[in-house]
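*Asks:* One structure is given below, represented as structure tokens, and several questions about it will come after.
Numbering (the working numbering), first residue to last: 14 to 130.
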């Protein structure tokens, strides 16, 4: 199976930056896509960004030009979400998600991002 651990959340002022990390372990060679989702209080979970095993990326319109998803240069099992120009609407719990061709969906426990105005 695949296990995921997120890190890098915290409190930041509007206009600031944070970098989230998602570390995958287990049968990581079976992962086909890694995504970041977020869920704000009282709202549904929404897709933020995704990166395929081939390296193609996609983003929600709300974060295009501000967020960048990428893999670690030396460890393909780590995926980052660089978040710039943060605003209070970005406040949410951010979750890492992967899809495996053998084991299906996996979710991390989430990391809290809070942007103060």
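Heads up, the beta-carbon is just placed ideally off N, CA and C, and yes, glycines get one too. Predicted model, so just to flag it, every value in this text is computed and none were measured.
The beta strand (DSSP E) with residue 15 in it runs from where to where?
*Replies:* Here the question's residue 15 lines up with position 2 in the chain shown. Where residue 15 is concerned, the enclosing beta strand (DSSP E) stretches over 15 to 20.
*Asks:* Which residues in the same chain have their Cβ closer than 7 Å to the Cβ of residue 127, if we skip the five residues on either side of it in sequence?
*Replies:* To locate residue 127, count along the chain shown from 1; it is residue 114. Same-chain partners within the cutoff: 24 and 104.
*Asks:* Rounding to the nearest angstrom, what Cα-Cα distance links residue 14 and residue 69 in this structure?
*Replies:* Your numbering for residue 14 matches position 1 in the chain shown. Your numbering for residue 69 matches position 56 in the chain shown. Distance between the alpha carbons of residue 14 and residue 69 is about 24 Å.
*Asks:* Is the distance from the Cβ of residue 92 to the Cβ of residue 84 below 8 Å?
*Replies:* The count along the chain shown starts at 1 and reaches residue 92 at position 79. The count along the chain shown starts at 1 and reaches residue 84 at position 71. Yes. Within cutoff.
*Asks:* Going by C-alpha to C-alpha distance, which of 35, 30 and 27 sits closest to residue 20?
*Replies:* Here residue 20 refers to the residue found at position 7 of the chain shown. It is 35.
*Asks:* Could you tell me which of 18, 30 and 16 sits nearest to residue 76, measuring between CA atoms?
*Replies:* The sequence position of residue 76 within the chain shown is 63, counting from 1. Looking at the Cα atoms, 30 is the closest of the given residues.
*Asks:* Can you tell me whether residue 111 is helix, strand or coil according to DSSP?
*Replies:* The count along the chain shown starts at 1 and reaches residue 111 at position 98. Residue state, collapsed to three classes: strand.
*Asks:* Can you name, in chain order, every residue of its own chain whose Cβ lies under 8 Å from the Cβ of residue 118, other than the five neighbours on each side?
*Replies:* Position 105 of the chain shown, counted from the start, is the residue given in the question as residue 118. Correct list, in chain order: 110, 111 and 112.
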